[in-house]
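In what follows, a structure is listed as structure tokens, so that the remarks can point back to it.
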Ligand SMILES: Nc1ncnc2c1ncn2[C@@H]1O[C@H](COP(=O)(O)OP(=O)(O)O)[C@@H](O)[C@H]1O
Ligand SMILES: [Mg+2]
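Residue numbers (the numbering used here), protein chains in the order written: chain C, 21 to 524; chain E, 4 to 387.
And the structure:
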């Protein structure tokens, strides 16, 4: 049984089925109980689970401001006159959440009795209440203020997509790395998925580095990094509609004409066995005699423009159906690309290919971790949004095929609401922007005012999980990474020193 | 229509006039406060006075190294249909002054002692029921005061209240139950005195709101002699000072008369102990050592506290001076509140709440089931 923390007391308003107070048991601990902690009490109905909502200290010696002032008038604190410390009581308020009757959770309809002992919730109680999967779950950290692993059930967490939301620097990428580690550490017996990370800033590449120093797990055998300079989009894989997405101004007539050209090329490819490139498409259009000259010019213009990105080639590199493997992570490192459009084209291609491959069951169930998701799937209609439609498609339909998204964003307001609402689990780290907060309050289930207030005060390494993965909003302390963190960027002082050394 | 305004004006007028006279009287007496010396007055008229002047200065002692216990008790009494339910408890708060940081405090028997539950099934009228409850409180208090001396070595014990039973504690009619209890209390007091002598502990009772007129009576007795010796007092003859004296209690007068850090002379508990109802009872039980009294003003805006102390071995004046020099610092922290800190603390620990009584009553009824004797009085269980 867990540590006793207090005894239920009577007040003018309780104990009731909605709230009760308990006087906190004296211990040598400086903080014997905390707001947000889960506690349990026996009642006639069964085991009641409650959450501490408020902690108050009282001390009769400090109840009368005037008297305190008067006694301290001589400049000496009250403690030199009275045994003030011996009068301090801690009273905690708790909100009943559920009754557990033989492991079955029920609504609380009956209050605990005054005098009942209040204990910290045990691991079993809490796992049952929160819906944790202690045996096989994904361990993102520990339940805040409890020494209990926050292991989330894989299906509940991923099948209906996850969003990780927080201001920058709050630890989103760190958490995504922890999530990745967990997925990579799973044994085949527990069921393994593949991970694909769209790494906008090159933050994840260190996962693939070999580590010799002890204290870290070496993931290098399970992680591959793909730099964009070697990345090639296979032109034969691109339909006229996809071209239309890459070049949103393309007209329907132009698309139709392009389709005709692609059909020809495909036929030839089947005959010769040689895949065609973007140059082949361009040449085919130039030589096409049926095509209206205006259409021809426009299409050529679009295609030259795409050709200049250097992303296109006759064959796919790397081969997406080869690199997506259970228990493996493929990191697509976009850090060298500056153009948002190029990044979107790539993401759009990768996402669509993964989804198609998955539908054909050519690749295992996967999670696509997408950093800066608001850039790839923006809410605003006027923004460049080449990759938006495929991401929205996966968000809507992915769960049927076990194609999951893990979207990471520091501006939830700017993220497509369609997508955000399809992410049934939200992991929220520190957020301070009031617009983002409001947005989250509206789009995440089970978040009330008090929870919102806590979000603004979260520290690095602390997160709130709401939605599908848990039965109840859950604050966790994120666990430490097992892999080596990316080498820290220089701080300003060092960068300045380095500059001076170089040039003086 | 009521004319409260008019009534009020009259009341205020009377009050103001009386206050003026009291002020005047006190002012005149203040002028001879340290001067008047009655050592030359006939001894027979002042056998009960242990000193020759009205007031003395007190030097506060440094508490460092001292150990002082404050003792107080709490009691609650509920009359039921055919029984009285009493709960009571007492605490000693033991302040040990070891450092500048403040006292180290221990409690005896406990930080929050378990209340003693007493059910009395002898039918008592309302007054006797109150006496009974009070005797129960005294009993627990005295037991604590005696036992604490076995557990701790304290320099002084301050009881919250008198050092002997009050007249009101003495049962009027011979309800055998109460008489027996009263006798027990007397025995306990004597046991406490003896214990304190044995352990060489200063024993004192501190009375916050004394209604005594003992000091006024002393004045009443001395003034006719003093008026002719001290010209300052001549002005007393300009008004009916005896009338004013009749309207005053000790605390009333001494509040105006004493300055902070002054005590009155030491005098015996009673002018005629042989006639004093309680002292006589004590004497019958064989107790003859004196109990002496003085008043001490410790703060500006509160009335002086009355201190009764057991005199033994030591010269009573030395004892009084030591006691005053301990109580003075303990009682001087708050300019409007003169109760010694040790007693404030003991009081807070001993105090019982109606809700405590309610809980005990409920569990009693729960345990024994419904008994007509335990039915609450009708006035305590009105449906509306
Ligand atoms: N759970 C954690 N424990 C320890 N350090 C963390 C944790 N989460 C984040 N950090 C540190 O905080 C900094 C910012 O984290 P990062 O994941 O890059 O934030 P974000 O992706 O939200 O901008 C990094 O230096 C990282 O090491
Ligand atoms: Mg980041």
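Using N, Cα and C, we set each Cβ at its ideal position, and we do this for glycine too.
**Residues bridged to residue 337(E) [DSSP beta-bridge criterion]** = Within the second chain, residue 337(E) is the residue found at index 334, counting from 1. Paired residues: 340(E).
**Prompt:** Got a sec: which bits of the segment 313-344 of chain E sit with their beta carbon under 8 Å from any beta carbon on chain C, in order along the chain?
**Reply:** 336, 337, 338, 339, 340 and 344
**Prompt:** Would you call the segment 294-305 of chain E and the segment 331-344 of chain E touching, i.e. three or more CB-CB distances under 8 Å?
**Reply:** yes
**Prompt:** Closer than 8 Å, CB to CB, is residue 91(C) near chain E or not?
**Reply:** Here the question's residue 91(C) lines up with position 71 in the first chain. It does; some Cβ of chain E falls within 8 Å.
**Request:** Assign residue 398(C) to one of three DSSP states: helix, strand, or coil.
**Result:** As a first step, residue 398(C) must be located in the first chain, where it is residue number 378. Strand.
**Prompt:** By DSSP, does residue 122(C) sit in helix, in strand, or in coil?
**Reply:** Mapped onto the first chain, residue 122(C) falls at position 102. DSSP places residue 122(C) in coil when its eight states are reduced to three.
**Request:** Just tell me which of 520(C), 512(C) and 502(C) has its CA closest to the CA of residue 234(C).
**Result:** To locate residue 234(C), count along the first chain from 1; it is residue 214. Ranking the options by Cα distance to residue 234(C), first place goes to 502(C).
**Message:** Helix, strand or coil, according to DSSP, for residue 455(C) in the structure here?
**Reply:** Taking the first residue of the first chain as 1, we reach residue 455(C) at position 435. Helix, per DSSP.
**Item:** Cutoff 6 Å; reference residue 147(C); Cβ partners in own chain excluding five residues on either side
**Value:** Translated into the one-based positions of the first chain, residue 147(C) becomes position 127. Excluding residues within five positions, the ones whose Cβ falls inside 6 Å are 154.
**Prompt:** Alpha carbon to alpha carbon, how far is residue 430(C) from residue 59(C)?
**Reply:** Within the first chain, the letter at position 410 stands for residue 430(C). Within the first chain, the letter at position 39 stands for residue 59(C). Distance between the alpha carbons of residue 430(C) and residue 59(C): 33 Å.
**Message:** Just to make sure I have the definition right: I need the residues of chain C whose C-beta is within less than 9 Å of the C-beta of residue 114(E). Which are they?
**Reply:** As a working note, residue 114(E) is residue 111 in the second chain. Within chain C, the residues near residue 114(E) are 106.
**Prompt:** Listed in chain order, which residues of the segment 101-133 of chain C have Cβ atoms closer than 7 Å to some Cβ of chain E?
**Reply:** 101, 102, 103 and 106
**Prompt:** Can you name the start and end residues of the alpha helix (DSSP H) that residue 477(C) belongs to?
**Reply:** Position 457 of the first chain holds residue 477(C). Run containing residue 477(C): none; DSSP gives neither H nor E here.
**Request:** Report, in whole angstroms, the separation of the C-beta atoms of residue 370(C) and residue 412(C), which I expect to be a contact under 8 Å.
**Result:** Position 350 of the first chain, counted from the first residue, corresponds to residue 370(C). Position 392 of the first chain, counted from the first residue, corresponds to residue 412(C). Wrong, their Cβ atoms sit about 15 Å apart, outside the cutoff.
**Message:** Taking the beta carbon of residue 189(C) as the centre, do at least 16 other beta carbons fall within 10 Å, making it buried, or is it exposed?
**Reply:** Taking the first residue of the first chain as position 1, residue 189(C) is located at position 169. With fewer than 16 Cβ atoms within 10 Å of its Cβ, residue 189(C) is classed as exposed.
**Request:** Please list the segments of the beta strand (DSSP E) lying wholly inside the segment 29-86 of chain E, counting only runs of 3 or more residues, in order along the chain.
**Result:** 58-60 and 70-82
**Message:** Any heavy atom of ligand 2 closer than 7 Å to the beta-carbon of residue 50(C)?
**Reply:** Your numbering for residue 50(C) matches position 30 in the first chain. Outside the cutoff, so no.
**Prompt:** Since residue 113(C) and residue 39(C) are thought to touch, with beta carbons under 8 Å apart, how far apart are those beta carbons, to the nearest angstrom?
**Reply:** Within the first chain, the letter at position 93 stands for residue 113(C). Within the first chain, the letter at position 19 stands for residue 39(C). Contact holds; Cβ gap of about 6 Å.
**Message:** Would residue 31(E) and residue 239(E) be called neighbours here (beta carbons separated by less than 8 Å)?
**Reply:** As a first step, residue 31(E) must be located in the second chain, where it is residue number 28. As a first step, residue 239(E) must be located in the second chain, where it is residue number 236. It is a contact, given that the beta carbons lie within the stated cut-off.
**Asked** Regarding residue 271(C) and ligand 2, is the C-beta to nearest heavy atom distance less than 7 Å?
**Response** Along the first chain, read from residue 1 onward, the residue named residue 271(C) stands at position 251. No, since every heavy atom of ligand 2 falls outside the 7 Å radius drawn around the Cβ of residue 271(C).
**Prompt:** Looking at the C-beta of residue 469(C), does it have a partner C-beta in chain E at a distance below 8 Å?
**Reply:** Within the first chain, the letter at position 449 stands for residue 469(C). Cβ-Cβ to chain E under 8 Å: no for residue 469(C).
**Item:** Chain-ordered residues of the segment 61-72 of chain E with a beta carbon less than 9 Å from chain C
**Value:** none
**Message:** Given the structure, does residue 297(C) come close to ligand 2, in the sense that its CB is under 7 Å from one of the ligand's heavy atoms?
**Reply:** As a first step, residue 297(C) is located in the first chain; it is residue number 277 there, counting from the start. Not so, every heavy atom of ligand 2 lies at least 7 Å from the Cβ.
**Message:** Check whether chain E comes within 8 Å of residue 583(C), counting only Cβ atoms and requiring the distance to be less than that.
**Reply:** Because residue 583(C) is not part of the residues shown, which for chain C are 21 to 524, the question remains open.
**Asked** Closest Cβ-Cβ distance between residue 87(C) and chain E: below 8 Å?
**Response** Against the first chain, residue 87(C) aligns to sequence position 67. Interface residue, yes.
**Message:** Tell me the rounded alpha-carbon separation between residue 410(C) and residue 494(C).
**Reply:** For the purposes of this step, residue 410(C) is identified with residue 390 of the first chain, where counting begins at 1. For the purposes of this step, residue 494(C) is identified with residue 474 of the first chain, where counting begins at 1. Each residue's alpha carbon lies about 31 Å from the other.
**Asked** Is any heavy atom of ligand 4 found at a distance shorter than 7 Å from the C-beta of residue 192(C)?
**Response** Within the structure as shown, ligand 4 is missing, the only ligands being ligand 1 and ligand 2.
**Request:** Could you list the residues in the segment 202-225 of chain C with a C-beta less than 7 Å from some C-beta on chain E, going in chain order?
**Result:** none
**Request:** Indicate whether the contact test is met: 3 or more Cβ pairs, each with one atom in the segment 157-170 of chain E and one in the segment 191-204 of chain E, closer than 8 Å.
**Result:** yes
**Prompt:** Measuring from the CB of residue 391(C), is there a heavy atom of ligand 2 at a distance below 7 Å?
**Reply:** Reading the first chain from its first residue, position 371 is the one you call residue 391(C). The answer is yes for residue 391(C).
**Asked** Is residue 186(C) near ligand 1, with its Cβ less than 7 Å from a heavy atom?
**Response** Within the first chain, residue 186(C) is the residue found at index 166, counting from 1. Result yes, Cβ under 7 Å from ligand 1.
**Prompt:** In the DSSP assignment, what are the bridge partners of residue 482(C)?
**Reply:** Mapped onto the first chain, residue 482(C) falls at position 462. Bridge partners of residue 482(C): 497(C).
**Inter-residue spacing [alpha-carbon to alpha-carbon] between residue 196(E) and residue 285(E)** = Position 193 of the second chain, counting from 1, holds the residue named residue 196(E). Position 282 of the second chain, counting from 1, holds the residue named residue 285(E). Taking the straight line from one Cα to the other gives about 11 Å.
**Asked** Given residue 44(C), which residues of its chain have a CB within under 8 Å of its CB, disregarding the five upstream and five downstream residues?
**Response** Position 24 of the first chain holds residue 44(C). Contacts found: 25, 26, 52, 53, 75, 109, 110, 111 and 112.
**Message:** Contact criterion: CB-CB distance below 8 Å. Does residue 171(C) meet it with respect to chain E?
**Reply:** Within the first chain, residue 171(C) is the residue found at index 151, counting from 1. Not an interface residue.
**Request:** Assign residue 136(E) to buried or exposed, taking buried as 16 or more other Cβ atoms, counted over all protein chains shown, within 10 Å of its Cβ.
**Result:** Along the second chain, read from residue 1 onward, the residue named residue 136(E) stands at position 133. The residue is buried, with at least 16 neighbouring Cβ atoms inside 10 Å.
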